[in-house]
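So the sequence shown is residues 1 to 98, counted in the working numbering. The C-beta atom is built at its ideal place from N, Cα and C for all residues, glycine as well. Computed from a predicted structure; not experimentally measured. Here's the structure, in C-alpha cells; my notes come after.
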Amino acid sequence: GILFPWNVLITETAYFNMRFHTPPYPQMVADNFENFLAVCFQMPNLLVLALIVFYQLEDWIPRHITILVPLLFSVALMVVQLALTKMDDVDGATMINV
Numbered sequence: 001g002i003l004f005p006w007n008v009l010i011t012e013t014a015y016f017n018m019r020f021h022t023p024p025y026p027q028m029v030a031d032n033f034e035n036f037l038a039v040c041f042q043m044p045n046l047l048v049l050a051l052i053v054f055y056q057l058e059d060w061i062p063r064h065i066t067i068l069v070p071l072l073f074s075v076a077l078m079v080v081q082l083a084l085t086k087m088d089d090v091d092g093a094t095m096i097n098v
C-alpha cells in the first residue's frame, strides 16, 4: 500500500518539472525535485520501520498500531503534497519546508 502513492508521484515527473521550472520556485528545487521527493517520502517509512524493529522485542505495541500509523502518516503526507500542487501562490521555500 505504501508504494502506490510513491509510484504515482514518480511517474508524473513531467508535470512536476513543468510546475517547478516556473516562478516563484528556485532553480535548486526544480533541478533536484526527485531527490527531495525521495527523501521526504521514504524518511517516515524508514523511521517507523526502525521504531518497529526496536520495539519488536518488547511487544507492547499492538500489531494494528504498527500497521495503521505508518499508513496514516504516508496518506497525510500525500494529501499535503497534492494540496500544495493545487496552490499557485505557494513559493518554493514553503514547498520544500513542508
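So, are the CB atoms of residue i and residue j less than 8 angstroms apart?
i, j, result
"residue 41", "residue 77", "yes"
"residue 24", "residue 45", "no"
"residue 13", "residue 34", "yes"
"residue 29", "residue 20", "yes"
Measuring alpha carbon to alpha carbon, tell me which of the options ends up nearest residue i.
i, options, result
"residue 74", "26, 27, 22 and 48", "48"
Taking the straight line between their C-alpha atoms, what separation do you get for residue i and residue j?
i, j, result
"residue 79", "residue 72", "10 angstroms"
"residue 68", "residue 87", "29 angstroms"
"residue 32", "residue 17", "10 angstroms"
"residue 27", "residue 52", "38 angstroms"
"residue 56", "residue 89", "44 angstroms"
"residue 60", "residue 85", "39 angstroms"
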